[in-house]
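First up is the structure itself, then whatever we jot down about it.
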Amino acid sequence: MVADPAIVIAGAGIGGLTAALALSREGIPVRVYERAESLREVGAGLQLSPNATRLLERLDVLEGLAPQAVQPVSVTLKKASTLATLAEVPLGEAAQTRWGAPYMVAHRADLQAALAERVRSDERIALVTGVLVEKAEFARNGGIRAVLRRGEESEEANFPLLIGADGVWSHLRRLARTSVRSRFTGYIAWRATLPADTDNLSELVPTDRVTAFLDPRFHMIAYPVRGGRLINLVAIIPGEVPLNAWEQDADDAPLRKVLTAAHPLLARLSAATPSWTVWPVHQVDPADAWTRPEGLALIGDAAHAVPPFAAQGAAMAIEDAVVLARLIARQRDNPAQALAAYERIRKPRVTSVAKRGAFNRFTWHAGGPVAIARDAILRLRSGSKLMGDFDWLYGFDAEAGI
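So, in structure tokens, the structure goes:
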């Protein structure tokens, strides 16, 4: 039996690595266990709004990410059937000025690499790959007892507090709640990347902004990653996939059908994309428990996976991580109180973001009179007023007042 005095984090994704850095900043030793032999972020691009980048900057991560990220000049909303511009939300310098931090788009692997570089240079953090934390349970004398498994070998370990950052398929969720499985939403996300210099791509997808195409049958988001060398495409449509699938190649005929029916240029884009990867969009009810006073906290998708209609999945994991670390540091002699405060503080915020995502899903996929009204309202709103709609989200400082 190994007695580990460090806080243990299960999962070295964006949330887990951010939590490690945030705890180390507070002077707390951390051990991160990742079941994969090497770090690999599934998926492709992500959007990092100012509520996330301000926290990454304080953790000295943003400087390492910046060369591979892009600061888009705007988010442009287009009607897929006509390609008419409905609205433009200014970003770039306007975002930095209004919200005090940059709006960035990047490849997930580049963000994970920037986080991992900082983690590996921090003497208070031990990052261990190829180890699965399993059979976790609450010890009689407090803390967590678990089995650490590497291949065919295993050993038991005790640690004072376990942070579950093991994603939407979390196996640690069962310790906190009775509803342990994520729920398929009825939507699937199709992802692809294309070279930014692909013929005729720039006339449809400018390489300096985020472009969103809205249609009752789908919506698609396009933006640059890898320093602008690639364009990341994400299209979300209703559909069915195997319940336990995650990232997989699939027959993309359903996606090509709706893109082709929407507009000839989208049909051309579909033809230029050699392969798409399909993800089922799952969610985890944020109203369920995230913590246990005996020594467990869930963060990010393990606690509250929400559909990506607000582009806040990574941001919420980052916010969770820094809030939890700050509260643990403030209540070192009473970790149960810190865990309760974390859940109490974070749930309203995550719930509000989930509601915004549900609103986006409804309006982006609207048809008929609702779409007509949406288009008219968007065309009437100035860029400044559109930015104001996001002050509560992008101007938020998760560490303020803690």
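Residue numbering for the sequence shown follows full-length UniProt numbering, starting at 1 and increasing by one per position.
Even for Gly, the Cβ is constructed at its ideal location relative to N, Cα and C.
Residue pairing by DSSP places Arg31 opposite Val8, Ala126 in a beta bridge.
Measuring C-alpha to C-alpha distances from His219 to each of Asp251, Leu255, Asp197 identifies Leu255 as the nearest.
In this chain, Arg226 is not harboured by any alpha helix (DSSP H), its DSSP state being neither H nor E. Boundaries of the beta strand (DSSP E) harbouring Gln283: 277-283, taken from the DSSP string.
Taking a C-beta distance under 8 Å as the contact criterion, Ala297 and Ile163 qualify as a contact pair. In this structure, Ile14 places its C-beta atom within 8 Å of the C-beta atom of Ala317. Contact between Ala196 and Leu233 is ruled out by a C-beta separation of about 12 Å, above the 8 Å threshold. A contact between stretches requires three or more CB pairs, one per stretch, nearer than 8 Å, and the region 287-296 meets this requirement with the region 334-348. Linking Leu91 to Ala106 through their CA atoms gives a straight-line distance of about 15 Å.
The criterion of a C-beta distance shorter than 8 Å is satisfied by Met387 and Ala94.
Between the beta-carbon of Val284 and that of Ala398 there is about 20 Å, and that puts the pair past the 8 Å contact cut. Per DSSP, reduced to three states, the secondary structure at Ala289 is coil, with no helix or strand assignment.
In the three-state reduction of the DSSP assignment, Ser270 falls in the helix class, which pools H, G and I.
Between the region 275-283 and the region 141-152, the count of C-beta pairs closer than 8 Å stays below three; the two stretches do not touch. Within the same chain, and ignoring the five residues on either side of Gln331 in sequence, the residues whose Cβ sits closer than 8 Å to its Cβ are Gln337, Ala338, Ala341. Cβ-Cβ separation between Ala136 and Leu161: approximately 12 Å, too far for a contact (criterion under 8 Å). Ala22 is positioned such that its CB atom lies closer than 8 Å to that of Ala325. Here Pro216 carries a coil assignment [DSSP, helix/strand/coil]. Our two residues, Leu393 and Glu123, have alpha carbons roughly 34 Å apart in a direct line.
In this structure, the beta-carbon distance from Leu378 to Leu77 falls below 8 Å.
For Tyr342, the enclosing alpha helix (DSSP H) begins and ends at 335-364.
Residues Gly164, Ala302 of the same chain have their beta carbon placed closer than 6 Å to that of Ser170, with the five preceding and five following residues left out of the count. Bridge partners of Ser74 according to DSSP: Pro90. Our two residues, Ile236 and Ser382, have alpha carbons roughly 27 Å apart in a direct line. Counting along the chain, Trp190 sits inside the beta strand (DSSP E) bounded by residues 183-195.
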